[in-house]
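What follows is a single structure, written as structure tokens, with notes after it.
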Amino acid sequence: MGQAKPFQPELDTTSHLFLVGRSTAGFWVARDLEGRSEGIFRDKKDAVRFALFEGGHANAVMLSPNAVEPSFGMGVS
């Protein structure tokens, strides 16, 4: 038998940065700055939670003082 190796799951080394802010319609938007992922939420807590989970690191979120409008899959403009 061969020698046992410790289990090391593959980690996704790519991280994303999300812009989180309120839209003019009053919803909270979390949008990946690379245009890969986006979510629309009723409250800030859920938008930040989504961005942290999808971003993959503790510094994945930038809160915007300006309105953040959803791109609806059209990318960042």
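Counting from 30, one number per residue, gives the positions in the sequence shown under this note's numbering.
We put the beta carbon where it would ideally sit given N, CA and C, even for glycine.
Here the structure is a predicted model, which means the values were calculated and not measured.
Distance, residue j Cα to residue i Cα
i, j, result
"serine 100", "histidine 86", "23 Å"
"arginine 78", "valine 97", "17 Å"
"proline 94", "threonine 53", "12 Å"
"glycine 64", "aspartate 72", "21 Å"
Residue i vs residue j beta-carbon contact at 8 Å
i, j, result
"glycine 68", "alanine 76", "yes"
Contacts around residue i, its chain only, beta-carbon distance under 8 Å, and the 5 residues preceding and following it disregarded
i, result
"alanine 89", "Ser44, His45, Leu46, Phe47, Ala80, Leu81 and Glu83"
Those residues which DSSP pairs with residue i across a bridge
i, result
"aspartate 61", "Phe47"
"glutamate 67", "Arg60"
"valine 90", "Phe47"
Nonlocal neighbours in the same chain, by C-beta distance under 6 Å from residue i, ignoring five residues either side
i, result
"serine 66", "Glu83"
"alanine 59", "Phe47, Val49, Gly68, Ala76, Phe79 and Ala80"
"arginine 51", "Trp57"
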